[in-house]
Structure formats: structure tokens, C-alpha cells
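Peer 1: The following block contains the structure, expressed as C-alpha cells.
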Amino acid sequence: MKMPKFNLNWTYMIVILLLAYMFYTNSGNSNSFQKEVSYSEFQEYVQKGYARNIVVNKGDGNVRMYIQKPYVGEIFGKAAEAGRDPSVVAEFPDVSDVNQFLAAEKEAKHFTGKIQYDANSNFLGSLFLNILFPVLLILGFWMLIFRRAGGGGGGIFSVGKSRAQLYEKGSKMNITFNDVAGQDEAKQEVQEIVKFLKDPKKYTELGGKIPKGALLVGPPGTGKTLLAKAVAGEAGVPFFSLSGSDFVEMFVGVGASRVRDLFRQAKEKSPCIVFIDEIDAVGRARGKNPSMGGNDERESTLNQLLTEMDGFGTNSGIIVMAATNRADILDKALLRAGRFDRQIHVELPGLPERKQIFLVHVKPLKMDETVNLDLLSRQTPGFSGADIANVCNEAALIAARHDKQAVGMQDFLDAIDRIIGGLEKKTKVMTQEEKRSIAIHEAGHATISWFCQYADPLIKVTIVPRGQALGAAWYLPEERVNVTKEQMLDKICSLLGGRAAEELFTGHISTGALNDLERANKMAFSMVAYYGMSDNLYNISYYTAQQDYFQKPYSDITAKQIDEEVKALIAQQYDRAKQLLTEHSDGHGQVAQLLIDNEVIFAEDVEQIFGKRQWTSRSDEIIAENERLAKERAEAEEKELDKKEKEQKDEIDKLIPNS
Ligand code: ADP
Ligand code: ZN
Numbered sequence: 025m026k027m028p029k030f031n032l033n034w035t036y037m038i039v040i041l042l043l044a045y046m047f048y049t050n051s052g053n054s055n056s057f058q059k060e061v062s063y064s065e066f067q068e069y070v071q072k073g074y075a076r077n078i079v080v081n082k083g084d085g086n087v088r089m090y091i092q093k094p095y096v097g098e099i100f101g102k103a104a105e106a107g108r109d110p111s112v113v114a115e116f117p118d119v120s121d122v123n124q125f126l127a128a129e130k131e132a133k134h135f136t137g138k139i140q141y142d143a144n145s146n147f148l149g150s151l152f153l154n155i156l157f158p159v160l161l162i163l164g165f166w167m168l169i170f171r172r173a174g175g176g177g178g179g180i181f182s183v184g185k186s187r188a189q190l191y192e193k194g195s196k197m198n199i200t201f202n203d204v205a206g207q208d209e210a211k212q213e214v215q216e217i218v219k220f221l222k223d224p225k226k227y228t229e230l231g232g233k234i235p236k237g238a239l240l241v242g243p244p245g246t247g248k249t250l251l252a253k254a255v256a257g258e259a260g261v262p263f264f265s266l267s268g269s270d271f272v273e274m275f276v277g278v279g280a281s282r283v284r285d286l287f288r289q290a291k292e293k294s295p296c297i298v299f300i301d302e303i304d305a306v307g308r309a310r311g312k313n314p315s316m317g318g319n320d321e322r323e324s325t326l327n328q329l330l331t332e333m334d335g336f337g338t339n340s341g342i343i344v345m346a347a348t349n350r351a352d353i354l355d356k357a358l359l360r361a362g363r364f365d366r367q368i369h370v371e372l373p374g375l376p377e378r379k380q381i382f383l384v385h386v387k388p389l390k391m392d393e394t395v396n397l398d399l400l401s402r403q404t405p406g407f408s409g410a411d412i413a414n415v416c417n418e419a420a421l422i423a424a425r426h427d428k429q430a431v432g433m434q435d436f437l438d439a440i441d442r443i444i445g446g447l448e449k450k451t452k453v454m455t456q457e458e459k460r461s462i463a464i465h466e467a468g469h470a471t472i473s474w475f476c477q478y479a480d481p482l483i484k485v486t487i488v489p490r491g492q493a494l495g496a497a498w499y500l501p502e503e504r505v506n507v508t509k510e511q512m513l514d515k516i517c518s519l520l521g522g523r524a525a526e527e528l529f530t531g532h533i534s535t536g537a538l539n540d541l542e543r544a545n546k547m548a549f550s551m552v553a554y555y556g557m558s559d560n561l562y563n564i565s566y567y568t569a570q571q572d573y574f575q576k577p578y579s580d581i582t583a584k585q586i587d588e589e590v591k592a593l594i595a596q597q598y599d600r601a602k603q604l605l606t607e608h609s610d611g612h613g614q615v616a617q618l619l620i621d622n623e624v625i626f627a628e629d630v631e632q633i634f635g636k637r638q639w640t641s642r643s644d645e646i647i648a649e650n651e652r653l654a655k656e657r658a659e660a661e662e663k664e665l666d667k668k669e670k671e672q673k674d675e676i677d678k679l680i681p682n683s
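First residue of the sequence shown? That's 25 in this note's numbering, and the numbers climb one at a time after it.
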């Protein structure tokens with residue numbers, strides 16, 4: 025059996041137990057089981073032969089008599105209650121008196137025990153027991169608690185130290201951008217940071233300000249930490265890494281002092297990168313809920329962080345990178361210019377990126393020829409980079425369990441199943457079924473917007489989940505100053521297109537349409553209640569600048585009417601959407617399939633299926649108009665130039681005499 029590891033805690037424990045033991049055994053002698061008696065009583069007891077031992081204490085001026093067992097009852101009443109080694113104490117008038125008396129008693133054989141002379145021993149003992157011991161006890165506990173709090177790091181004094189892990193140049197961390205697959209936009213953004221760290225002079229000489237912080241925003245496992253490490257690796261600078269929750273401790277003031285310590289360390293190593301993962305643990309908006317209290321500690325930590333970020337000059341070369349998956353809950357002060365002023369979005373990978381990530385993570389694996397990475401990337405919609413790394417690892421484990429020589433396709437598929445089963449609740453991993461229904465939904469929006477004159481023109485459609493949305497279609501919103509009824513109706517129709525497609529082509533309707541329905545209903549309500557666009561409440565507006573939800577500016581009957589109008593309007597547009605979709609069901613099916621295959625499709629792809637859109641959008645018109653103007657201007661300039669040239673030529677011709 026292994027012995028428990030020796031550490032200082034054991035010594036503390038042993039010392040405390042020892043002291044406790046001494047405390048109790050001693051108190052048995054000197055405190056509880058003794059009786060103060062007069063000197064004459066003491067003499068009487070000795071003469072009666074009760075005494076076993078006698079201690080003469082010159083310092084205290086008393087004499088203590090330990091009683092022989094059989095006589096304990098005579099003095100204390102019940103012998104049992106007197107406990108171990110009971111004694112009586114008497115003050116003596118003079119030491120020589122005592123000596124004489126005891127010598128006489130010894131002579132008379134009343135007393136045969138020992139006589140001890142003990143100067144001051146009691147005083148020291150009681151000092152120790154009554155004052156020093158409790159202090160030691162408290163000290164011991166204190167140490168124990170602080171050692172626990174210090175995480176076993178360096179004991180008591182390391183509570184306020186930062187827990188940042190430091191990766192230096194040449195250590196095992198040499199991650200480069202090649203290790204980060206996909207995320208091209210994010211990589212491009214951080215490239216500038218690398219350039220600065222490598223050659224800060226180039227920027228500062230021109231008077232440019234160097235970014236102090238960059239915030240990486242994105243769902244967990246998408247490679248935010250990886251990206252920050254790659255920046256450090258590429259720039260060849262030290263990398264401090266810690267999590268936002270490392271600042272938070274049960275002791276007040278610890279967070280702030282850890283922040284101070286972190287930046288002190290960072291300054292020593294500058295230029296360097298400080299990476300704070302999950303910054304929302306400290307960076308949450310302050311004072312949102314003052315009645316709750318108890319946030320002071322986090323606030324002071326955050327304040328310290330802000331102060332430090334303002335404190336170091338732009339040239340000191342510390343760049344703070346932080347990661348979060350919720351930028352919206354961060355304190356606005358953190359996002360201000362000069363702090364985390366640039367936000368870099370790191371999104372879940374799409375189909376081609378997933379293949380690249382697979383390529384990175386299958387490198388160390390031994391695989392057979394059945395493995396098809398294209399198919400695997402198709403099978404893993406909604407997986408993050410971390411999930412894919414997990415799939416590769418799991419596949420290797422499954423293959424090993426079956427004693428295989430190489431990892432095969434089936435192992436990968438099993439691994440995917442396992443991870444979908446395990447992850448479903450945590451991230452937005454989709455099954456093929458879900459992917460299909462989301463594709464049908466998004467294709468519905470795309471189709472309707474293609475065939476409604478006033479719907480916003482489509483830019484791209486994706487079924488890669490992002491944020492709360494499962495899929496999304498990007499439109500070029502037309503910034504109209506004035507909106508007509510037809511335009512609003514078309515907008516509602518295309519919003520309902522997703523749900524309509526689900527109902528028509530899958531037979532089920534799903535919760536994915538929540539956001540669409542919400543927006544459609546709001547728009548319909550405003551058409552009826554504010555803009556007076558419905559038949560029954562024609563030209564009547566119940567709009568008030570100050571919305572008061574308790575006092576509506578209309579009667580209950582009108583409220584009912586409004587409800588009915590809104591319902592009718594929505595139903596009408598829903599029917600229209602279904603009709604349009606039925607008409608173009610072929611094309612819709614193709615768009616949906618294209619989405620399933622590619623995950624992201626663009627307006628051009630839709631155009632290939634449906635043909636050119638019948639209407640040019642207003643933005644197209646504006647662009648065309650601008651182009652026309654530019655062309656006119658260019659032509660005019662050219663003419664001007666020509667004219668000038670000609671004039672110059674004429675002048676030269678004039679100067680040169682005709683030959
Ligand atoms: P985050 O910090 O965003 O939660 P990490 O950076 O810790 O995610 O990523 C966890 C792991 O997932 C990484 O160590 C890496 O193995 C893998 N990973 C994530 N994104 C990528 C990517 N784009 N390319 C390669 N591997 C990735
Ligand atoms: Zn939708």
C-alpha cells in the first residue's frame with residue numbers, strides 16, 4: 025500500500041493534536057481535580073497520612089499535596105468524581121515552617137512519599153496553556169485555510185498572486201497559424217497583432233496607436249484559445265494564459281491584486297500576450313442588479329483590469345487577448361476604444377472549414393484507405409473544431425478497442441454518433457434530419473424573397489448555426505425612407521416562407537420559426553394598429569409616442585378587432601407563401617439540396633436555379649445610378665483633359681515657327 029504523501033499539513037495536525045492532549049491531561053492535574061485548603065487543614069491531612077507526594081512551590085508560596093487513593097473520598101466526598109491524581113493546595117506562611125513540618129512528619133512516618141521543590145513551574149505552565157496554546161491553535165487553523173485557498177501553490181502568501189500560466193519561447197508551445205484550420209477572417213484580423221509584436225517601431229514611428237486588446241467572440245471550442253496561442257507562437261513572444269474565473273476567489277480584494285500581479289509579471293516579459301479565457305466571469309456588466317449586492321468583489325476586479333489596461337502605455341508591448349462566447353453581457357467599459365476595441369468573431373466552421381480541421385487532426389492518426397474526409401465533413405454539421413478533434417480521438421480509441429491496425433471510416437462514423445449522442449444538449453450539433461429541415465426552412469425564405477417584388481434581395485443563405493439562430497439568410501436591407509403597404513406585405517410573406525416550406529415539404533412545423541413569427545407579427549400589428557393599413561381600421565392610428573402597456577388608447581372592442589385583423593393578415597400572407605412555394609416547389613427543392621450539400625449558398629447559386637430575378641432592387645438601382653454618374657464624370661474629365669491637351673498643343677504649335 026502507498027503511504028499518504030508527506031506534507032506540511034500533517035505536521036500541523038500532529039502538533040495541534042499533541043497540544044490538545046497536553047492541554048487536557050494537564051488540566052486533569054492542576055485545574056479540575058484540586059481543592060484549596062487552609063494550611064492547618066493541609067497539616068491535618070498529612071498527619072492523618074493521606075499524602076502520597078508533596079510539591080513545595082516557593083515561587084507561588086503554596087504547597088500541593090497529592091492524595092493517596094484510599095483517602096481521596098475523605099477529602100473530595102465521592103472518590104470517583106475526583107478523577108485522576110487529585111490534590112489539595114494550601115498557601116504556606118513560610119518555607120522553613122513547611123520544611124520543619126514535613127521533616128517532622130517524615131520522622132513520624134505519617135508521610136513516606138517524595139518532596140519536590142518546584143519553583144514557578146505552574147506559572148509558566150499556565151501561561152503556556154492559557155495564552156500560547158489558543159493562539160497556536162488559531163494560527164494553525166488559519167494556515168490550513170490559507171493553504172487550501174492558495175491551492176497548495178506557495179502557501180499563505182500566494183493568495184494575491186496571479187495564477188497565469190506562462191508559456192515562453194522555445195517551450196513546448198509552438199503553435200502557428202497552420203495549426204488553426206479555417207477561420208480565415210479571424211486569422212487575418214490577428215495577423216496585424218503579430219506584425220506589431222514583431223516590429224512595433226514601424227507602427228509607432230508613424231504615430232499610430234497600437235491596439236491594446238482584442239476580444240475573440242464565438243461559441244466554445246471554435247479555436248479562440250488556439251488562435252491566441254498561434255499569435256504568440258508566430259510572434260515568438262511569451263504567452264500568459266489564465267481564465268477569468270481564476271481572478272474570482274472567496275477572499276475580498278484577491279481578484280484585484282491578482283490582476284495587478286498579472287500585469288506586473290507581464291510588464292517584465294514585455295512584449296508579450298496576456299490571454300484571459302472566459303472573460304465574462306469578471307467582465308460582466310456592472311451594477312445591473314444593485315439590490316443583489318455581493319458583486320463588489322467582481323466589480324473591483326474589473327475596475328482593476330480596466331485601470332491596468334489604461335495604465336500601460338501603448339508602447340509597452342502587452343497585448344491583452346480575451347475570449348468569451350457572450351460579448352453582449354460584457355461591461356461597455358471593456359469594449360471602449362483603447363481597451364478591447366477590436367472584436368474578432370470566431371464562428372462555427374462551415375463545410376470546407378470542417379474538412380480543413382479534419383485534415384489537421386487526422387495527421388497523427390494511422391488510417392486506412394476507407395476514410396473519406398469529404399463525407400465526414402458532411403456528416404458533422406454544427407460541430408465545432410473541438411468536437412472534430414474529439415471525433416478523431418474517439419475514432420482512434422474505437423479502432424484500438426477492436427484491435428485494428430488502422431482507423432477506418434466506420435470508426436469515425438461510430439465516433440460521430442457517440443459525440444452527437446453526448447453533445448446534443450450542449451452545443452448545436454445537428455442530425456442529418458434536422459439539417460434537412462433547416463435547409464428546407466431557409467430555402468423557403470430564399471424562394472419567397474426571390475419571387476416577391478419588394479422583399480429584400482438575397483445575398484447568401486446558410487445552415488451553419490450561429491448564436492441562437494439555426495440557420496440564416498442574409499439580405500441586403502433596403503433603407504427606405506417611406507415604406508408602402510405592398511412592401512410590408514412582401515416582407516411578411518418572406519418571413520413566413522420558412523414555416524410554410526416546413527409545413528409543405530416536411531409535414532412538420534418546428535420551433536425554428538420563432539424569430540420569423542415574432543417579426544412578422546410585430547410588423548402585421550404595426551400595419552394594423554399604427555399605420556392604418558387594414559380594411560376595417562382604415563386610416564386609424566393608435567400610435568402613441570409613449571407606449572403604455574396598461575392603458576391602451578383604444579377600447580376592448582377595438583383591441584379585439586385589431587387582433588382579428590392581425591390574424592387575418594398573417595393568414596393571408598401565409599397562404600400566399602404556400603402558394604408561391606407550391607408553384608416553385610421544384611426550384612425550392614433544388615435550393616434546399618444545394619444548401620444541404622454546401623451549407624452556404626449565394627445569390628448567384630439561387631439565380632442559376634430560378635433564373636434572373638424579375639425585379640432589380642432599389643439598391644441595384646442606386647448602384648446603377650451611381651455608376652452612371654461616375655461614368656459621366658469620367659467622360660467629362662476626359663473631355664476636359666482632351667481640351668487642355670489640344671490647347672497646349674496649339675500653344676506649342678504657335679511657338680514653333682512653321683517650317
Ligand atoms: P475555445 O477557446 O474557442 O473554446 P479552443 O481554442 O480551446 O476553443 O479549442 C479546443 C480545441 O479544439 C483545440 O485545442 C483544437 O484541438 C481544436 N480546434 C478548435 N478549432 C480549431 C481549428 N480551427 N483548427 C484546428 N483545431 C481546432
Ligand atoms: Zn426563418
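Idealized CB from N, CA, C, for every residue including glycine.
Is any non-hydrogen atom of the ligand ZN found closer than 7 Å to the C-beta of Asp-398, if you look at the structure I gave you?
Peer 2: For the ligand ZN, not one heavy atom lies less than 7 Å from the Cβ of Asp-398.
Peer 1: Taking only three categories from DSSP, how would you classify His-469?
Peer 2: In this structure, His-469 counts as helix in the three-state DSSP scheme.
Peer 1: Say yes only if the C-beta of Asp-540 is nearer than 7 Å to one or more non-hydrogen atoms of the ligand ZN, and no if none qualify.
Peer 2: Within the cutoff, so yes.
Peer 1: Please classify Ser-62 as buried or exposed, where buried requires at least 16 neighbouring CB atoms within 10 angstroms.
Peer 2: When all chains shown are included, Ser-62 counts as exposed.
Peer 1: Is Leu-679 helix, strand or coil when you go by DSSP?
Peer 2: In the structure shown, Leu-679 sits in a helix (DSSP, three-state: H, G or I).
Peer 1: Does at least one heavy atom of the ligand ADP sit under 7 Å from the Cβ of Ala-351?
Peer 2: Incorrect: Ala-351 has no Cβ contact closer than 7 Å to the ligand ADP.
Peer 1: Name the residue from Ser-579, Glu-662, Phe-407 and Val-122 whose alpha carbon lies nearest to the alpha carbon of Asp-441.
Peer 2: Checked all of Ser-579, Glu-662, Phe-407 and Val-122; the closest Cα to Asp-441 is Phe-407.
Peer 1: What is the C-beta distance between Glu-457 and Val-485, in whole angstroms, given that I count them as a contact (C-beta under 8 Å)?
Peer 2: Their Cβ separation, rounded to whole angstroms, is 19 Å, which puts Glu-457 and Val-485 out of contact at 8 Å.
Peer 1: Apply the 10 Å Cβ neighbour rule to Gln-597 and answer buried if 16 or more other Cβ atoms are within range, or exposed otherwise.
Peer 2: When all chains shown are included, Gln-597 counts as buried.
Peer 1: In angstroms, rounded to a whole number, what distance separates the CA positions of Ala-36 and Leu-153?
Peer 2: Per the sequence presented here, residue 36 reads as Tyr, with Ala not at that position. Approximately 18 Å, taken between the alpha carbons.
Peer 1: Using only the alpha-carbon positions, how far apart do Arg-425 and Ile-38 sit?
Peer 2: When rounded, the distance between both Cα atoms is 48 Å.
Peer 1: Is Gln-347 near the ligand ADP, going by C-beta to nearest heavy atom under 7 Å?
Peer 2: At residue 347 the sequence reads Ala, which differs from the Gln that was named. Yes.
Peer 1: Could you check the C-alpha separation between Lys-387 and Pro-373 for me, to the nearest Å?
Peer 2: Approximately 19 Å between the Cα atoms of the pair.
Peer 1: May I ask you to report which of helix, strand or coil DSSP gives Glu-623?
Peer 2: Glu-623 falls in the coil class under three-state DSSP.
Peer 1: Please report the straight-line C-alpha distance between Phe-264 and Met-333, rounded to a whole angstrom.
Peer 2: Distance between the alpha carbons of Phe-264 and Met-333: 15 Å.
Peer 1: Between which two residues does the beta strand (DSSP E) containing Ala-347 stretch?
Peer 2: Start and end: 342-348.
Peer 1: Pick out the complete alpha helix (DSSP H) segments inside the segment 369-396, 4 residues or longer, and give them in chain order.
Peer 2: Listed in chain order, they are 375-386.
Peer 1: Provide the residue span of the beta strand (DSSP E) that contains Asp-301, from first to last.
Peer 2: Element bounds for Asp-301: 296-301.
Peer 1: Note down the Cα distance separating Gly-522 from Met-512, rounded to an integer number of angstroms.
Peer 2: For Gly-522 and Met-512, the distance between alpha carbons rounds to 17 Å.
Peer 1: Can you tell me which of Lys-219, Met-391, Glu-659 and Val-507 puts its alpha carbon nearest to the alpha carbon of Ile-343?
Peer 2: The candidate whose alpha carbon is nearest that of Ile-343 is Lys-219.
Peer 1: Just tell me which of Ser-518, Ser-558, Ile-483 and Phe-529 has its CA closest to the CA of Asn-539.
Peer 2: Closest by alpha carbon: Ser-518.
Peer 1: In whole angstroms, give me the CA-to-CA distance for Asn-563 and Tyr-555.
Peer 2: The alpha-carbon atoms of Asn-563 and Tyr-555 are separated by roughly 7 Å.
Peer 1: Since Asn-86 and Glu-115 are thought to touch, with beta carbons under 8 Å apart, how far apart are those beta carbons, to the nearest angstrom?
Peer 2: Indeed they touch by this definition, with Cβ atoms about 5 Å apart.
Peer 1: If you draw a straight line from the alpha carbon of Thr-568 to that of Lys-515, how long is it in whole angstroms?
Peer 2: Distance between the alpha carbons of Thr-568 and Lys-515 is about 24 Å.
Peer 1: Suppose contacts are defined by Cβ-Cβ distances below 8 Å. Is Ala-524 in contact with Ala-601 by that definition?
Peer 2: Closer than 8 Å, so yes.
Peer 1: State the Cα-Cα distance for the pair Lys-636 and Val-630, rounded to the nearest angstrom.
Peer 2: About 9 Å.
Peer 1: Once the 5 residues before and after Gly-257 are set aside, which same chain residues still bring their CB inside 6 Å of it?
Peer 2: Same-chain partners within the cutoff: Asn-198, Ile-199 and Thr-200.
Peer 1: So, using beta-carbon positions, are Ala-691 and Ala-616 closer together than 8 Å?
Peer 2: This structure gives no information on residue 691, because the portion of the chain shown stretches from 25 to 683.
Peer 1: Using 8 Å as the threshold, is the C-beta distance between Leu-240 and Leu-251 below it?
Peer 2: Yes, the Cβ-Cβ distance between Leu-240 and Leu-251 is below 8 Å.
Peer 1: When you compare only the Cα positions, how much space is there between Gln-92 and Ala-75?
Peer 2: Each residue's Cα considered, the two are about 6 Å apart.
Peer 1: In whole angstroms, what is the alpha-carbon distance linking Asn-396 and Met-433?
Peer 2: Straight-line Cα distance between these residues: approximately 7 Å.
Peer 1: Could you spell out the range, first to last residue, of the beta strand (DSSP E) harbouring Ala-238?
Peer 2: Counting along the chain, the beta strand (DSSP E) containing Ala-238 begins and ends at 237-241.
Peer 1: Using the Cβ count rule (16 or more neighbours within 10 Å means buried), how would you classify Ala-648?
Peer 2: Counting Cβ neighbours within 10 Å, Ala-648 comes out exposed, since fewer than 16 surround it.
Peer 1: Can you tell me whether Glu-229 is helix, strand or coil according to DSSP?
Peer 2: Coil, per DSSP.
Peer 1: Can Ser-558 and Glu-589 be called in contact, C-beta distance under 8 Å?
Peer 2: Yes.
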